[in-house]
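Residue numbers (my numbering): 14 to 132.
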């Protein structure tokens, strides 16, 4: 069995969309960008992890999520491109993993960032 990671699945989806000249849109700022800006403005940050857990979705579930456009970034992809891109992702995933039942684990966490001295 391959050692496919969830990040590789996501990167492949982005690459497929790039190939159709329709990059996955990016909305807003990343957590890192926001925290860097707060620090630049004099804020003191304190981070704590309130909870951690593991999610074990199958390749089939991730494909189903893509097909159902559960992420808002997928809403702007034209239907004709979207259908072909999902099919490309499905073919790649089956070739790479051999089964839609292949599990792609991901560690998740609930993080709390306390911001002090921010003006």
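Don't be surprised by glycine CBs; every beta carbon is placed ideally from N, CA and C.
TODO: Sort out for me which residues DSSP pairs residue 71 with in a bridge.
DONE: In DSSP, residue 71 forms a bridge with 116.
TODO: Can you grab the Cα-Cα spacing for the pair residue 29 / residue 36, in whole Å?
DONE: 9 Å
Open item on the list: Determine whether the beta carbon atoms of residue 34 and residue 105 lie at a separation below 7 Å.
Closed with: no
Open item on the list: Just verifying my parser: in three-state terms, what is the DSSP assignment at residue 52?
Closed with: helix
Task: Cα-Cα separation between residue 88 and residue 124, rounded to whole angstroms - done: 28 Å
Task: Backbone secondary structure at residue 84 - three-state DSSP - done: coil
- [ ] Thinking residue 113 and residue 73 are a contact (beta carbons under 8 Å), I'd like their distance in whole angstroms, please.
- [x] 3 Å
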